[in-house]
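>
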Amino acid sequence: MDCDCLICNGNWFHKRTADTVKVDTTLQRLAAISNHLMTSLADIVTCPSAAAKQGAFKCFASLGANDEDIRKKIIETYGLMLHVVNGMNNPEPMVRLAAVRCLHSLSRSVQQLRTTFQDHCVWRPLMQLLTDSPGTELLTVGSSTLCNLLLEFSPAKEPMLDQGAVEMLCALTRRPEAALRLNGIWALMNMAFQADQKVKQRILCCLGTEQMFRLLGDADTRVIMKTLGLLRNLLSTKSHIDAIMQDYADQVMQAVIVVLEGSYPCEVKEQALCILGNIGDGERAKDLLMDNEDVLRKLVDYLAHPERSLQEAALFCVSNLVRAGGAGAAARQARLAELGVLRALRLLQRRTTTNHTVKAALAQFNEFT
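Here this note's numbering is used: the first residue of the sequence shown is 118, the next is one more, and so on.
1. Looking only at its chain, what residues have a beta carbon closer than 6 Å to the beta carbon of ARG218, apart from the 5 residues adjacent to it on each side?
2. Within a Cβ cutoff of 7 Å, which residues of the same chain sit near THR233, ignoring the five residues on either side of it in sequence?
3. With a threshold of 6 Å on Cβ separation, who are the neighbours of ALA304 within its own chain once the five nearest residues in sequence on each side are excluded?
4. According to DSSP, is TYR365 part of a helix, a strand, or is it coil?
5. Which whole runs of the alpha helix (DSSP H) in the segment 312-360 are 4 residues long or more, in chain order?
6. Compute the distance between the beta-carbons of ALA399 and LYS343, then report whether it is under 8 Å.
7. Given a threshold of 16 other Cβ atoms within 10 Å of its Cβ, counted over all protein chains shown, does CYS391 qualify as buried or as exposed?
8. Measuring only the C-alpha atoms, how far is LEU479 from LEU420?
9. Report the three-state DSSP secondary structure of GLY281 (helix, strand or coil).
10. Apart from the five residues on each side of it in sequence, which residues of its chain come closer than 8 Å, Cβ to Cβ, to ASN128?
11. Give the C-beta separation of ALA309 and LEU351 to the nearest angstrom, bearing in mind that I take them to be a contact with Cβ-Cβ under 8 Å.
12. Taking the alpha carbon of LEU243 as the reference point, which residue from GLU254, VAL227, LEU220 has its own alpha carbon closest?
13. Over what stretch of residues does the alpha helix (DSSP H) that includes GLU410 continue unbroken?
14. I'd like the list of long-range same chain contacts for LEU347, defined as Cβ closer than 7 Å, with 5 residues on each side in sequence excluded.
15. Under a Cβ-count criterion, where at least 16 other Cβ atoms within 10 Å of its own Cβ denotes burial, should THR156 be classed as buried or exposed?
16. Near TYR381, which residues of its chain fall below 6 Å by C-beta distance, leaving aside the five closest residues on each side in sequence?
17. Are the beta-carbon atoms of SER261 and ASN300 separated by less than 8 Å?
18. Which one of ALA312, ASP335, ASP249, VAL375 has the shortest CA to CA distance from SER353?
19. Buried or exposed, going by whether 16 or more other CB atoms sit within 10 Å of the CB of LYS476?
20. Helix, strand or coil for VAL239? Go by DSSP, reduced to three states.
21. Which of the three DSSP states, helix, strand or coil, is assigned to VAL138?
22. Hey, how far is the Cα of ARG292 from the Cα of ALA446?
23. Smallest Cα separation from LEU405: which of LYS386, GLU429, ALA431, ASP364?
24. Measuring only the C-alpha atoms, how far is ASP408 from LEU324?
25. Can you give the Cα-Cα distance for MET329 and LYS170, rounded to whole angstroms?
26. What's the call for ARG414, buried or exposed, on a 16-neighbour Cβ count within 10 Å?
27. Can you tell me which of VAL435, VAL373, ALA296 puts its alpha carbon nearest to the alpha carbon of ALA336?
28. Roughly how many angstroms separate the alpha carbons of ALA430 and LEU377, rounded to a whole number?
29. Where does PHE270 land, buried or exposed, given buried means 16+ other C-beta within 10 angstroms?
30. Is any non-hydrogen atom of the ligand FAD found closer than 7 Å to the C-beta of LEU297, if you look at the structure I gave you?
31. Would you mind working out which of LEU459, ILE396, ALA167, ASP418 sits nearest MET362, comparing C-alpha positions?
32. Alpha helix (DSSP H) containing SER179: first to last residue?
33. Along the chain, where does the alpha helix (DSSP H) that runs through ALA444 open and close?
34. Does LEU268 come out as helix, strand or coil in the three-state DSSP assignment?
35. Grouping DSSP H, G and I as helix and E and B as strand, with all else coil, what is SER224?
36. What does the Cβ neighbour count give for LYS175, buried or exposed, with the cut at 16 atoms within 10 Å?
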């Protein structure tokens, strides 16, 4: 979509297309150097004309799309955040949409997420817009912004959880539009990263395992990747891994097997293997993994896979399972050696040049090496 810049001069507006700077970082920097342009845009945001506000917000969105220094200059020099908040409350739909586009662009700034965004509580009008039956375009841009606002270090994360963000995002994953499904599962993945167990359980209960399986069969590979990313984030921290696997072991293992046996790209299978690696890091959960011979044999196969990323992901899982010490370690090592893991590691050691992880895994098999 073209990004229109409307330059105020008295009672007339001169329309210029800013689409050329939208993805060109060099042009963005050149445009940002012009204090006249930035000052003019800041003035236009306060114009009574809805078309002028829309154009100015779009231009700011384009200017700040890729460069952190430009985003910082826009926010700090021109105090744009207050105008963005006002824009999201504007009665004109096109102004609200443009303001959200601007917010999405500026939300790519890690530093601003920690400070300026918190100071202005930008999440509040955004959540109001997204829960007030918005059109598809606004919902798409707004949910993209949520993906950034829900990052682990964002102060907006907790209050958004209290405002029903989990339920809204789970609903997005059921939408027919691929972009909305992607944004919904992506934001949930960000939300689950280093979250407490209560939040993780809330996500699992709201999303449901049936919907998770549907997302793993999505036509859009990006949706599948983010769904696996969500699972991986849910299955982190030993106590969380054990608690979740106690309730959802069958469903999680089935989901992983579906991916490992399916005709998925390597990067998707790699994510599934990393989930197994996380499960293997649990205290009790690793026993559930050891009880599944089908999965263990797949690990042996992937240790010999020609794709190095899949070898390394399988090795990550095996390393967690064979780690010496703790209850049942010797029995796990014996079982894995029996299934061919030890042999596969020795073959891998001979074939790879960077074999520090392989050596470390082999060193755990004291009794068998």
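Yeah, the Cβ is synthetic: ideal placement off N, Cα and C, and Gly gets one too.
So, to answer that:
1. ALA178, VAL258
2. ILE192, MET198
3. Correct list, in chain order: LEU263, CYS264, LEU267, LEU286.
4. helix
5. 314-324, 326-333, 338-351
6. Position check: residue 399 holds Gly in this sequence, whereas Ala was assumed. Not in contact: GLY399 and LYS343 (Cβ atoms no closer than 8 Å).
7. buried
8. 13 Å
9. coil
10. Residue confidence is low: ASN128 scores 33 on pLDDT, short of 50, so the model does not pin down where it sits. No coordinate-derived value is stated.
11. Right, the Cβ-Cβ distance comes to about 5 Å (below 8 Å), so this counts as a contact.
12. The shortest C-alpha separation from LEU243 is found at LEU220.
13. 410-420
14. ILE302, LEU305, MET306, ALA309
15. exposed
16. none
17. yes
18. Nearest option by C-alpha distance: ALA312.
19. exposed
20. Reduced to three states, the DSSP call for VAL239 is coil.
21. Because VAL138 sits at a pLDDT of 44, beneath the cut-off of 50, its placement in the model cannot be relied upon, and the following sentence gives the value as read from the coordinates. Three-state DSSP puts VAL138 in a helix.
22. 45 Å
23. ASP364
24. 27 Å
25. 41 Å
26. exposed
27. ALA296
28. 12 Å
29. exposed
30. Questions concerning the ligand FAD fall outside what the structure shown contains, since it holds no ligand whatsoever.
31. ILE396
32. 167-180
33. Counting along the chain, ALA444 falls outside any alpha helix (DSSP H), and DSSP gives it neither H nor E.
34. When secondary structure is reduced to three states using DSSP, LEU268 falls in the coil class, being assigned neither helix nor strand.
35. coil
36. By the neighbour-count criterion, in which a residue is buried when 16 or more other Cβ atoms sit within 10 angstroms of its Cβ, LYS175 is buried.
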